[in-house]
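Chemist: Under this note's numbering, the first residue of the sequence shown carries the number 165, and numbering increases by one thereafter.
Built from N, CA and C at the ideal position, the CB exists for glycine as well.
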Amino acid sequence: MVNVRASATLRLFVTTRGKPEPEVRWSKADGTLNERAQIEVTSSYTMLVIENVDRFDTGKYVLTLENLSGSKSAFINVRVLDSPSAPTNLGVKDVKRNSVSLSWEPPLIDGGAKISHYIQLSAPSESTGPVTVKDDVDPPTIILEDKFRQIDAEITGRPLPVVSWSKDGKEIEAKARCEITSTNFTTTLIVKDAIRRDSGQYVLTLHNVAGTRSVAINCKVLDRPGPASGPLTVSGLTAEKCTLSWGPPQENGGAEIMHYIVEKRETSRLAWTLVYGDMKATTCKVTKLLKGNEYIFRVRGVNKYGDGESLESEPTKATDPFTVPSAPTNVQVTSVTSEAMTICWERPVSDGGSSIAGYVIEKREKTGLRWCRVNKKPVYDLRVKASHLREGCEYEYRVFAENTAGLSAPSTPCPLTRAEDPQFLPSPPAKPRIIDSTKTTVTLSWNKPLFDGGAPVTGYRVEYRKTLDDEWIVGVQNTKNTEFTVVGLSPGTEYVFVVKSINKIGVSEPSPESDKQVAKEREEEPTFDVSNEMRKTLIVKDGSSFTMKVPFKGKPIPSVTWAKPDVDLRVRAVIDTTDTFTSITLEKATRNDSGKYTVTLSNVSGTSSLTLTVRVLDSPGPPSHIEVKEVTKTSATITWDTPEIEGGGPVKNYLIDYREASKKGWTRLTDTFFIPLKGPTWSKLDSELPIMADINTTDSFSTLTIENCTRYEAGKYTLSLENNSGRKSITFTVKVLDTPGPPGAITFKDITRGALTVMWDAPATDGGSRIHHYIVDKREASRLAWQEVSTKCSRQMIRVTGLEIGVPYLFRVIAVNHYGQGEPKEMTEPIIATEEPAPPKRLDVVDTTNSTASLVWLKPEHDGGSRIRGYIVEFRAKGTDHWVVSGETKSQKMLVEGLIENTEYDFRVKAKNDAGISEPQGTFSSVVIKEPCIEPTADLSSITNQLITCKTSNTFTIDVPISGRPAPKVTWKLEEMKLKETDRVSIKTSKERTILVVKDSKRSDSGKYYLTLENAAGVKTFTVTVVIVGRPSPPTGPVEISGISSESCTLSWSEPADDGGTDISNYIVEKRESGSANMKSYKTVTTECRKTLYRISGLEEGVYYFFRVLPENIYGVGEPCETAEAVLVCEVPSVPVKLEIVDVSKSSVTLHWEKPLHDGGSRLTGYIIEACKVGSDRWSAVATVKASVSQHTIQSLTENDQYLFRIRATNSRGASESTDIVTPVIIQEIKGKISKHKSSHHFCFY
């Protein structure tokens, strides 16, 4: 029995079990369930809930469980405690004056309790006066008694308070495990089978009109912890590792979480693998995942009571977080020439989660089937230049993006673009310059246009106008020179000029207008146009010839004069003068030709002179002023002066001869060289005297003069004097004040990634002033512009930073003194600011055999600032410390050979650049060397739709990458026929690919080609369809002729047996006349015939024709099918005329006729005579005669019978219509003359 107060909530909780899970039904034995009844059903229990019950909910409630095994029922009696209903059948009997007897029946509903008594109402007493109706009020009180798994509380209050229990802010409802029992003075909360979720704060609240009182009780259930707070997040996922994170459990089981246990398992397995058994944090890193495998992770907390519940993650696949990028977009072609094009594109919309490492570009010709790589190395820019194209061919391009995951799908190919030089109008020349003018002419000069429009500039058009007019006048239509003189101008008029470029496309826009120019004679002061080299002293040898050519200009043309002191050059030299230069030539130069030559220009605008120095190298002239002094019996002293002409160089020695006055022969006095008394010698320390040095010596002094000296003439000069008495010298130090020379050698140190220190030596020549500072510049080796590094470097070294990684640089240093900047010292070889690279990324063993291992790796994250020069690969057997160098390579892969089968090896790779070798990068784990067994496969992705189309006579290639271990056996078949190598067919097979090449293809080569790969792992077959297309075969003959008339005929034929692989688009019908040799060529009748029937008109009557038909498809015109014999264009002749009977006998008739008016275009071949007896419809030929016959006698006729006759003419086309005699002829002997009445066709005999 379950008792529940009225207005309370009824809860009937029943645990259930059964297999299979039973069906649950609630019902009420004595009525129907209340509409307010709520039923909850789970796999382990069911509960009936009715809120706000009343007395009508009292009764027997039945629970029925049913499954395949049977059915069971149970009932629960429910009593709702409430006031009884009113008594029934109230009756009055025994009515008296002061009493009445009442009778009634018990209430139908006793309110769940026995009726204790009834209340009878009497007459009212006297009034007590006004009374306020109210309850006595006492605030509620609570006295708690906490027991194990039970909370008891004593309660008081007036009126009785309303009791409610709550936990963590939510009201507690009576359930299977929670039981609340309340009376007027106590309330009890019982929690059965406590679990950790029952921990928390329980609050008992009493409420009446006097107030509210609450008491909180904290309850802690000691247990293992609950699951960690989810979700279990997987982040930082790669193919090898990931990071897990979670939150602490919301229910710690009443004790502190000591650590967590982290486990993993593959979804294909049931066993869990321990990752961490003592993880203190709520995040951890999981490593050693297998790429491509799917994992589930779980975490559970641990407290002192044990392991808690697990929190599992969603299945996660161990893959890199990035994928291949999306395809590049908007591929366009620009800068098109006959040999090259520039391809541009836009970045992919998505990089796949990894930065784009480069782009791969492919091209394809319009007539080709295969895509070819444009770039051998990845392109990092968004443009690339495709060169070595074939002029006139059309190309399309597509682009792949590449990241760490691989290549993207190809972009949409760009439209076909023809490789040809673009042709436009050229750009105009630059502004023309006025270089000369006269009273009626102006001479212009201009530069070629910057852009020729893609076609060579063939000429220029010069136009001019008066400054006050708007009309342009053409000075010349087309001149190939870039200089032109406009003639026919009006003297004193001001003009402006423009020039237009011309190529084969047309004439360009005009150039900017020239400066205004008045047509008048120009006056320019004469000037010399000579270089500094020409101004230097000209040195020639004795006996040679020399010419000095001096350009000049001036307006009007100046007069020219040459002069040399004491020499008439008009006699000694040959002078040649034109409008632009003058020259002087001297033959067989001597020492007398040395000296200064002056050329003078003179016109109305002024005079200009130029002096040129010539030194002729010759033997010296004779010494002068020879004197004999201090003569004794045996000696004499001789003195002399140096020669006036030294022959272009200082005199080194003298030779002295003597002779007796009475004799003519000279005798050499001595071979000793004598230095004259006053002969000085100049020299320069550490070098020779400058060639420009001029020495002038007299009896009392010597002068050394150097004109236009530079810093290189600075130094120590020595003047030496020597005679028989001794030797003396004096040294002069010469300091030339100039800018400094170039600094010394440039060196470097402390080179790192993007930075280095530049050092240099001081200049050998400081220019006579202290070096203030240095200017240091840099430039990229691929550029010409210099950039400042420092403009005031006070030391001979500087630290340069911020250099581009991997870019070669050149440096120069300029010294600066008081007089300015000196010459720069530039590097000849560039340098790269670099350091050792980072180790390569991710070394993988991608393949093994019985003795080799194939390694691949990724580039280092940074190259240290210089290009990676190569990679060093090393290996060792597992368990040893000795690394063996396998080799060095520039690529990112290597085949390591010489390994031992079934041995475990470790591998590592190092990167190398200009600065050194990086740290090694090793494999993730050791690798066992053995031959794998892999099923063969082929990659047909490069063959679109596995279809190859080729024109006949061309070569087609089926190039298929293959794989499989061991290397598969390759077999090629065409349909059912196994292919073998022939002169046309070649098969080349390697481990990586098989290539089938068919040369001079035929239509019979079309079909399905089967590639079969077979090894120990299995057999696979792949199919490629080849369609050979070409011109069609000849139409199927013969060509039949029908419907021949005098000017037309109809040809018919059948379709070709082979249409060339595509539909026949049309037929070409041709004709030729038969006869003379010059009439054997065919002429086209039509090219638009779509059917296998064609009517040819416009033929000449009586002419023999040959006809032929040629099929055509998109690949060309096929071979013809011809008529076997010539066809005569004609028709049957017209009927013979004037048929008449000229004689009749008893057995014969003689007929006469004349030939037809028209022979049908063909010569008559004869006549056919037919006869028919009267009364019969059967005509029969009775005679056939030649065409030359016009009369014939028909014999063997029956006497007295009547006959009708007719005649037809014949030619090569056939017989004509017949001409018959309508009037019958009686066969009998007739005497007399026959006459014919034309009007009636009757024959008369007389």
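#1: Around the Cβ of ALA380, are there at least 16 other Cβ atoms within 10 angstroms (buried) or fewer (exposed)?
#2: Does the segment 236-253 come into contact with the segment 213-223, if we say contact requires no fewer than three beta-carbon pairs (one atom in each stretch) closer than 8 Å?
#3: Less than 9 Å between the C-beta atoms of GLY1425 and THR643, yes or no?
#4: Where MET1416 and ILE283 are concerned, what is the direct C-alpha to C-alpha distance, given to the nearest angstrom?
#5: Cα separation between ARG1195 and VAL1162?
#6: What span of residues does the alpha helix (DSSP H) with VAL735 cover, start to end?
#7: Residues in its own chain within less than 6 Å of THR1101 by CB, not counting five upstream and five downstream?
#8: How big is the Cα-Cα spacing for GLU697 and THR777?
#9: Please go through the same chain and pick out, in chain order, the residues whose beta-carbon is closer than 7 Å to the beta-carbon of GLU1393, but skip the five residues on each side of it.
#10: Note down the Cα distance separating GLY234 from ALA445, rounded to an integer number of angstroms.
#11: Rounded to whole angstroms, what's the CA-CA distance from SER1245 to THR1146? Just pull it up for me.
#12: Rounded to whole angstroms, what is the Cα-Cα separation between HIS552 and GLU1068?
#13: Just to confirm, is the Cβ distance from GLU560 to PRO577 under 9 Å?
#14: For VAL780, collect the residues of the same chain with a Cβ closer than 7 Å to its Cβ; drop the 5 residues on either side in sequence, then sort them by chain order.
#15: Mind reading off the beta-carbon distance from LEU1257 to SER1216? Whole number of angstroms is fine, and I expect it under 8 Å.
#16: So, does the segment 933-945 touch the segment 1008-1020, judging by three or more C-beta pairs under 8 Å?
#17: Among ILE790, GLU687 and GLU751, whose alpha-carbon lies nearest the alpha-carbon of ASN114?
#18: From the DSSP output, in three-state form, read off TYR1246 for me.
#19: What does GLN365 pair with, by DSSP beta-bridge criteria?
#20: Looking at the ligand SAH, does it come within less than 8 Å of THR741, judged from the CB to the closest heavy atom?
#21: Going by DSSP in three states, PHE220 sits in which element: helix, strand or coil?
#22: Pick out whichever of ILE421, SER474 and LEU401 has its Cα sitting closest to the Cα of LEU454.
#23: At the level of alpha carbons, what is the spacing between THR764 and LEU750?
#24: Exposed or buried, what is VAL977 when buried is set at 16 or more other beta-carbons lying within 10 Å of its beta-carbon?
#25: Among HIS1356, GLU1204 and TYR1367, which residue has its Cα nearest to the Cα of SER1340?
#26: Give the straight-line distance between the Cα atoms of TYR523 and PRO972, rounded to the nearest whole angstrom.
#27: Tell me the DSSP secondary structure of SER1168 in three-state form.
#28: Run the CB neighbour count on MET1141, radius 10 Å, all protein chains shown included, and call it buried at 16 or more, exposed below.
#29: Taking ASP1011 as the reference, give the member of MET1058, LYS1054, GLY1028 and THR1044 with the closest Cα.
#30: Around the Cβ of PRO729, are there at least 16 other Cβ atoms within 10 angstroms (buried) or fewer (exposed)?
#31: Grab the span of the beta strand (DSSP E) containing MET422 for me, first residue to last.
#32: Based on Cα-Cα distance, which residue from VAL660, ARG625 and GLU204 lies nearest to ASN645?
#33: Going straight from the alpha carbon of VAL326 to that of LEU212, what length do you get?
#34: Report the three-state DSSP secondary structure of TYR544 (helix, strand or coil).
#35: Would you mind stating whether CYS1213 and VAL1306 have Cβ atoms separated by less than 9 Å?
#36: Are the segment 1183-1200 and the segment 1215-1230 touching by the rule of at least three beta carbon pairs closer than 8 Å?
Modeler: Judging by the given coordinates:
#1: Numbered from 1 along the sequence shown, position 216 holds the residue referred to as residue 380. Under this definition ALA380 is an exposed residue.
#2: yes
#3: Beyond the ends of the chain as shown, which are 165 and 1410, falls residue 1425; an answer cannot be given.
#4: Here the chain has residues from 165 to 1410 only, and residue 1416 is not among them.
#5: Along the sequence shown, one-based indexing puts residue 1195 at 1031. Along the sequence shown, one-based indexing puts residue 1162 at 998. One C-alpha to the other measures close to 19 Å.
#6: Residue numbering aside, residue 735 sits at position 571 when the sequence shown is read from its first letter. Here the alpha helix (DSSP H) through VAL735 covers 733-736.
#7: Counting from one through the sequence shown, the residue named residue 1101 turns up at place 937. Once the five neighbours on either side are set aside, the close Cβ partners of THR1101 are SER1127.
#8: Sequence index remark: in the sequence shown, residue 697 carries index 533 (1-based). Sequence index remark: in the sequence shown, residue 777 carries index 613 (1-based). If you take the alpha carbons of GLU697 and THR777, they lie about 12 Å apart.
#9: By 1-based counting over the sequence shown, the position of residue 1393 is 1229. Once the five neighbours on either side are set aside, the close Cβ partners of GLU1393 are SER1309 and LYS1310.
#10: Taking the sequence shown and counting its residues from 1, one reaches residue 234 at position 70. Taking the sequence shown and counting its residues from 1, one reaches residue 445 at position 281. Distance between the alpha carbons of GLY234 and ALA445 is about 54 Å.
#11: The count along the sequence shown starts at 1 and reaches residue 1245 at position 1081. The count along the sequence shown starts at 1 and reaches residue 1146 at position 982. Distance between the alpha carbons of SER1245 and THR1146: 41 Å.
#12: Position 388 of the sequence shown, counted from the start, is the residue given in the question as residue 552. Position 904 of the sequence shown, counted from the start, is the residue given in the question as residue 1068. Approximately 49 Å between the Cα atoms of the pair.
#13: Walking along the sequence shown from the start, residue 560 turns up at place 396. Walking along the sequence shown from the start, residue 577 turns up at place 413. Contact flag set, yes.
#14: Counted from its first residue, the sequence shown places residue 780 at position 616. Here the set comprises VAL704, ASP706, ALA753, THR754, ARG755, ASP757, SER758 and GLY812.
#15: Along the sequence shown, one-based indexing puts residue 1257 at 1093. Along the sequence shown, one-based indexing puts residue 1216 at 1052. That pair is a contact at about 5 Å.
#16: no
#17: Residue 114 falls outside the range modelled here, since the chain spans only 165 to 1410, and no answer is possible.
#18: Here residue 1246 corresponds to residue number 1082 of the sequence shown, with the count starting at 1. TYR1246 falls in the coil class under three-state DSSP.
#19: By 1-based counting over the sequence shown, the position of residue 365 is 201. Per DSSP, ASN382.
#20: This structure lacks the ligand SAH; in fact it carries no ligand of any kind.
#21: The residue you call residue 220 lines up with position 56 of the sequence shown. Three-state DSSP puts PHE220 in a helix.
#22: By 1-based counting over the sequence shown, the position of residue 454 is 290. LEU454 has its Cα closest to that of LEU401, out of ILE421, SER474 and LEU401.
#23: Mapped onto the sequence shown, residue 764 falls at position 600. Mapped onto the sequence shown, residue 750 falls at position 586. Answer to the nearest angstrom: the Cα atoms are 18 Å apart.
#24: Here residue 977 is taken as the residue at index 813 of the sequence shown, counted from 1. Buried, since its Cβ has 16 or more Cβ neighbours within 10 Å.
#25: To locate residue 1340, count along the sequence shown from 1; it is residue 1176. Closest by alpha carbon: TYR1367.
#26: Working through the sequence shown from its first residue, we reach residue 523 at position 359. Working through the sequence shown from its first residue, we reach residue 972 at position 808. TYR523 and PRO972: Cα-Cα distance of roughly 24 Å.
#27: Counting from one through the sequence shown, the residue named residue 1168 turns up at place 1004. Three-state DSSP puts SER1168 in a helix.
#28: If you number the sequence shown from 1, residue 1141 lands on position 977. Result: exposed.
#29: Taking the first residue of the sequence shown as position 1, residue 1011 is located at position 847. The residue with the shortest Cα to Cα distance from ASP1011 is MET1058.
#30: Here residue 729 corresponds to residue number 565 of the sequence shown, with the count starting at 1. So PRO729 counts as exposed.
#31: For the purposes of this step, residue 422 is taken as the residue at position 258 of the sequence shown. Looking at the DSSP string, MET422 is not in any beta strand (DSSP E), and its letter there is neither H nor E.
#32: Stepping through the sequence shown from its first residue, residue 645 is reached at position 481. Residue ARG625 is the option with its Cα nearest to ASN645.
#33: Within the sequence shown, residue 326 is the residue found at index 162, counting from 1. Within the sequence shown, residue 212 is the residue found at index 48, counting from 1. Using only the alpha carbons, I get a separation of about 24 Å.
#34: Position 380 of the sequence shown holds residue 544. Of the three classes helix, strand and coil, the one that applies to TYR544 here is coil, per DSSP.
#35: Position 1049 of the sequence shown, counted from the start, is the residue given in the question as residue 1213. Position 1142 of the sequence shown, counted from the start, is the residue given in the question as residue 1306. No. Outside cutoff.
#36: yes
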